[in-house]
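Enquirer: The following block contains the structure, expressed as structure tokens.
Protein chains in written order, with the numbering used here: chain A, 1 to 255; chain B, 1001 to 1255.
Below, the structure written as structure tokens:
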């Protein structure tokens, strides 16, 4: 039986990880190692300044008081019986599209899996960011996304993944999905939304976030696919070198 | 006068940011907006679950109780008189080489600058990871790295940077630097070092880190350059799409 590591960034109790781990049970032995609490937007953060503890919360199920990346490292090295055959991270409550993949804890867990040589998939349900964190998502939508994760995990088992590359899958939060598009990373029109408030003692403070993202129009992007009702599948590369730029500066920057 | 935003992940009191901001004063008006405390390995994390506060700690100098990415967002949107002409993040106490750029708070600050449309540079002094966090680095080494930051900030002012691309500069911690190499991101042989200890009550816990990184041999990588005594300059792309893989799966994965 294949060994499957499931993790996420919304925390071990979230609806998304429950639907995902249940569905993946049809493919192999599922181990869940996930953060004790919500870790959205923690990106690829590692906890180096304090020790980490794990708690067994069920059969083959562990929570860790750290980030998604911590969960992958501790899970693979200390909690699983052997190196897993695949890692699936999600189902995130919210899309991970465009440049936002660099903030995502869900995608970061799949990055860590990839670094460890494990074929890795991140899967997100692209709910409306204004919908109260997705508390009102219909369970059927998570089941639908989980079935897509199972399908792509099956494909990855059969075909493998290119070197240093993970799959970033985003599923639209609609009943009738149109199809699947293989896409590139889209680009957000950057609009940092910051709320400035005063605390009860009159001291100013800032909250990041809350705005509605606007996307640059672009053919075959992840955002375009999801916005048009299709599943988006993007191969994300851990080698971030801009090779064109490298060639250009080698030839044009005399130093 | 150009407006220069300086930040880092080691915190506003670190030796690296002091040397950097002092040296950049020769090029323009320097504003420092940096984390109150050390934020190593926080990657591109954003603080969304609590408000952020800023404190003015000197002329054009602000600390924020958050991550490097938080500092860039709040700095650009709320603290600086206008959008800066360049962002320089560092000087990091330790190298940011190969896949480790995905964990780095220093590089993440330059990512955030790039997303905001600001030409951005990350600069790190590649000290021995076993050297106690660089507490014993000679100040002259930081001054040497700061001079290199000034040189490349000058080049970027004159020539600009390619779209969605930051410069990741690593400076070897030696007296006589051999030269400068334009490099690609290297690859680490992944070896998660985890220490398993027991607390005073016998409960097991884990510490991540402490191992010595081993690098895959590779021509023209950042690691190779620094290891051979040269400065490494890598253009890092925020578009992480693996275009070759995208073409391949479009043609070969029937869905």
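By construction, the Cβ of each residue, glycine as well, lies at the ideal position given by its N, Cα and C atoms.
When the Cα atoms are used, what is the spatial distance from residue 306 of chain A to residue 1201 of chain B?
Expert: Within the shown structure, residues of chain A are numbered from 1 to 255, placing residue 306 of chain A beyond reach of any answer.
Enquirer: Pull out every residue of the stretch 1221-1254 of chain B whose Cβ sits closer than 8 Å to any Cβ of chain A, in chain order.
Expert: 1233, 1234, 1235, 1236, 1237, 1238, 1239, 1240, 1241, 1242, 1243, 1244, 1245, 1246, 1248, 1249, 1250, 1252, 1253
Enquirer: For residue 168 of chain A and residue 235 of chain A, I'd like the C-alpha separation in whole angstroms.
Expert: Here residue 168 of chain A corresponds to residue number 168 of the first chain, with the count starting at 1. Here residue 235 of chain A corresponds to residue number 235 of the first chain, with the count starting at 1. So the alpha carbons of these two residues sit roughly 6 Å apart.
Enquirer: Do you know offhand how far residue 1048 of chain B's Cα is from residue 194 of chain A's?
Expert: Within the second chain, residue 1048 of chain B is the residue found at index 48, counting from 1. Within the first chain, residue 194 of chain A is the residue found at index 194, counting from 1. Near 11 Å, if we compare the C-alpha coordinates of residue 194 of chain A and residue 1048 of chain B.
Enquirer: Using 9 Å as the threshold, is the C-beta distance between residue 1238 of chain B and residue 1161 of chain B below it?
Expert: Counting from 1 along the second chain, the entry for residue 1238 of chain B is found at position 238. Counting from 1 along the second chain, the entry for residue 1161 of chain B is found at position 161. Contact flag unset, no.
Enquirer: Using a Cβ-Cβ distance under 9 Å, would residue 1190 of chain B count as near chain A?
Expert: Numbered from its first residue, the second chain carries residue 1190 of chain B at position 190. Answer yes: the Cβ-Cβ gap between residue 1190 of chain B and chain A drops below 9 Å somewhere.
Enquirer: If you measure beta-carbon to beta-carbon, which residues of the stretch 172-185 of chain A are closer than 9 Å to chain B?
Expert: 179, 180, 182, 183, 184, 185
Enquirer: Between the stretch 97-114 of chain A and the stretch 139-151 of chain A, can you find at least three pairs of beta-carbon atoms closer than 8 Å?
Expert: no
Enquirer: The beta strand (DSSP E) with residue 1031 of chain B in it runs from where to where?
Expert: In the second chain, residue 1031 of chain B corresponds to position 31, counting from 1. Segment 1029-1035, the beta strand (DSSP E) holding residue 1031 of chain B.
Enquirer: Please decide whether residue 1216 of chain B counts as near chain A, where near means a Cβ-Cβ distance under 9 Å.
Expert: For the purposes of this step, residue 1216 of chain B is taken as residue 216 along the second chain, with counting starting at 1. The beta carbon of residue 1216 of chain B does not come within 9 Å of any beta carbon belonging to chain A, so the residue lies off that interface.
Enquirer: Within a Cβ cutoff of 8 Å, which residues of the same chain sit near residue 1210 of chain B, ignoring the five residues on either side of it in sequence?
Expert: Taking the first residue of the second chain as position 1, residue 1210 of chain B is located at position 210. Shown here for residue 1210 of chain B: same chain residues with a beta carbon closer than 8 Å to its own, the five before and five after excluded, namely 1193, 1195 in chain order.
Enquirer: Less than 9 Å between the beta carbons of residue 1044 of chain B and residue 190 of chain A, yes or no?
Expert: Translated into positions along the second chain, residue 1044 of chain B becomes position 44. Translated into positions along the first chain, residue 190 of chain A becomes position 190. In this structure, residue 190 of chain A does not lie closer than 9 Å to residue 1044 of chain B by Cβ.
Enquirer: Can you give me the start and stop residues for the beta strand (DSSP E) that residue 258 of chain A sits inside?
Expert: In the structure displayed, chain A extends from 1 to 255; residue 258 of chain A sits before or after that span and is not available.
Enquirer: Hey, could you find the ends of the beta strand (DSSP E) residue 208 of chain A is sitting in?
Expert: The sequence position of residue 208 of chain A within the first chain is 208, counting from 1. Counted as a single uninterrupted DSSP element, the beta strand (DSSP E) harbouring residue 208 of chain A occupies residues 204-208.
Enquirer: Locate the alpha helix (DSSP H) running through residue 1107 of chain B, then write down its first and last residues.
Expert: Mapped onto the second chain, residue 1107 of chain B falls at position 107. Unbroken alpha helix (DSSP H) run through residue 1107 of chain B: 1105-1115.
Enquirer: Please go through the same chain and pick out, in chain order, the residues whose beta-carbon is closer than 6 Å to the beta-carbon of residue 1062 of chain B, but skip the five residues on each side of it.
Expert: If you number the second chain from 1, residue 1062 of chain B lands on position 62. Result list for residue 1062 of chain B: 1033, 1054, 1056, 1079, in chain order.
Enquirer: Find the nearest neighbour of residue 29 of chain A within the set A/23, A/3, A/42, judged by alpha-carbon distance.
Expert: As a position in the first chain, residue 29 of chain A is number 29, starting the count at 1. Nearest C-alpha to residue 29 of chain A: A/3.
Enquirer: With a floor of 3 residues, list each beta strand (DSSP E) that falls wholly inside the stretch 26-91 of chain A, ordered by position along the chain.
Expert: 29-35, 54-58, 61-64
Enquirer: For the alpha helix (DSSP H) containing residue 1226 of chain B, list its first residue and its last residue.
Expert: Along the second chain, one-based indexing puts residue 1226 of chain B at 226. Its alpha helix (DSSP H) spans residues 1222-1227.
Enquirer: Tell me whether the beta-carbon of residue 17 of chain A lies closer than 9 Å to the beta-carbon of residue 25 of chain A.
Expert: On the first chain, residue 17 of chain A is found 17 positions in, with the first residue counted as 1. On the first chain, residue 25 of chain A is found 25 positions in, with the first residue counted as 1. Cβ atoms of residue 17 of chain A and residue 25 of chain A: not closer than 9 Å.
Enquirer: Do residue 1221 of chain B and residue 1187 of chain B have their CB atoms nearer than 9 Å?
Expert: For the purposes of this step, residue 1221 of chain B is taken as residue 221 along the second chain, with counting starting at 1. For the purposes of this step, residue 1187 of chain B is taken as residue 187 along the second chain, with counting starting at 1. Cβ distance < 9 Å, so residue 1221 of chain B and residue 1187 of chain B count as in contact.
Enquirer: Can you check whether the CB of residue 90 of chain A is closer than 9 Å to the CB of residue 223 of chain A?
Expert: Taking the first residue of the first chain as 1, we reach residue 223 of chain A at position 223. Taking the first residue of the first chain as 1, we reach residue 90 of chain A at position 90. No, the pair does not count as a contact, with Cβ atoms beyond the cut-off.
Enquirer: If residue 42 of chain A and residue 105 of chain A are in contact, beta carbons under 8 Å, what's the gap, nearest whole angstrom?
Expert: Position 42 of the first chain holds residue 42 of chain A. Position 105 of the first chain holds residue 105 of chain A. The pair is a contact, with the Cβ atoms about 5 Å apart (cut-off 8 Å).
Enquirer: Need the endpoints of the alpha helix (DSSP H) that residue 1003 of chain B sits in, please.
Expert: The residue labelled residue 1003 of chain B in the question sits at position 3 within the second chain. Element bounds for residue 1003 of chain B: not the alpha helix (DSSP H) but the beta strand (DSSP E), 1003-1007.
Enquirer: Against chain B, does residue 162 of chain A count as a neighbour if the rule is that its beta carbon must be under 9 Å from one of theirs?
Expert: Here residue 162 of chain A refers to the residue found at position 162 of the first chain. It does: the Cβ of residue 162 of chain A has a partner Cβ on chain B nearer than 9 Å.
Enquirer: Closer than 8 Å between beta carbons: that is the criterion. Which residues of the stretch 1081-1099 of chain B meet it against chain A?
Expert: 1099
Enquirer: What do you reckon, are the CB atoms on residue 1230 of chain B and residue 1177 of chain B nearer than 9 Å?
Expert: Residue numbering aside, residue 1230 of chain B sits at position 230 when the second chain is read from its first letter. Residue numbering aside, residue 1177 of chain B sits at position 177 when the second chain is read from its first letter. Result yes, Cβ atoms of residue 1230 of chain B and residue 1177 of chain B sit closer than 9 Å.
Enquirer: Just by C-beta distance, which residues in the stretch 1059-1078 of chain B are closer than 7 Å to chain A?
Expert: Near chain A, meaning a CB-to-CB distance below 7 Å, the residues of the stretch 1059-1078 of chain B are 1070, 1073, 1074, 1077, 1078.
Enquirer: What whole-angstrom Cβ distance do residue 1019 of chain B and residue 1142 of chain B have, given they're in contact under 8 Å?
Expert: To locate residue 1019 of chain B, count along the second chain from 1; it is residue 19. To locate residue 1142 of chain B, count along the second chain from 1; it is residue 142. Rounded, the Cβ-Cβ distance is 4 Å, consistent with contact.
Enquirer: Would you give the residue range spanned by the beta strand (DSSP E) that residue 1168 of chain B belongs to?
Expert: Mapped onto the second chain, residue 1168 of chain B falls at position 168. From DSSP, the beta strand (DSSP E) with residue 1168 of chain B extends over 1165-1172.
Enquirer: On the three-state DSSP scale, how would you describe residue 12 of chain A?
Expert: Working through the first chain from its first residue, we reach residue 12 of chain A at position 12. The answer is coil: DSSP assigns residue 12 of chain A none of H, G, I, E or B.
Enquirer: Would you call residue 240 of chain A buried or exposed, if buried means 16 or more other Cβ atoms sit within 10 Å of its Cβ?
Expert: Taking the first residue of the first chain as 1, we reach residue 240 of chain A at position 240. By the neighbour-count rule (16 or more Cβ atoms within 10 Å), residue 240 of chain A is buried.
Enquirer: Smallest Cα separation from residue 1060 of chain B: which of B/1021, B/1126, B/1050, B/1046?
Expert: Working through the second chain from its first residue, we reach residue 1060 of chain B at position 60. Looking at the Cα atoms, B/1021 is the closest of the given residues.
Enquirer: Got a sec: is the Cβ-Cβ distance from residue 33 of chain A to anything in chain B below 9 Å?
Expert: Position 33 of the first chain, counted from the first residue, corresponds to residue 33 of chain A. It does not: the Cβ of residue 33 of chain A has no partner Cβ on chain B nearer than 9 Å.
Enquirer: Cα separation between residue 156 of chain A and residue 119 of chain A?
Expert: Taking the first chain and counting its residues from 1, the one referred to as residue 156 of chain A is at position 156. Taking the first chain and counting its residues from 1, the one referred to as residue 119 of chain A is at position 119. When rounded, the distance between both Cα atoms is 7 Å.
Enquirer: Can you name, in chain order, every residue of its own chain whose Cβ lies under 6 Å from the Cβ of residue 1214 of chain B, other than the five neighbours on each side?
Expert: Along the second chain, read from residue 1 onward, the residue named residue 1214 of chain B stands at position 214. Excluding sequence neighbours, residue 1214 of chain B sits near 1189.
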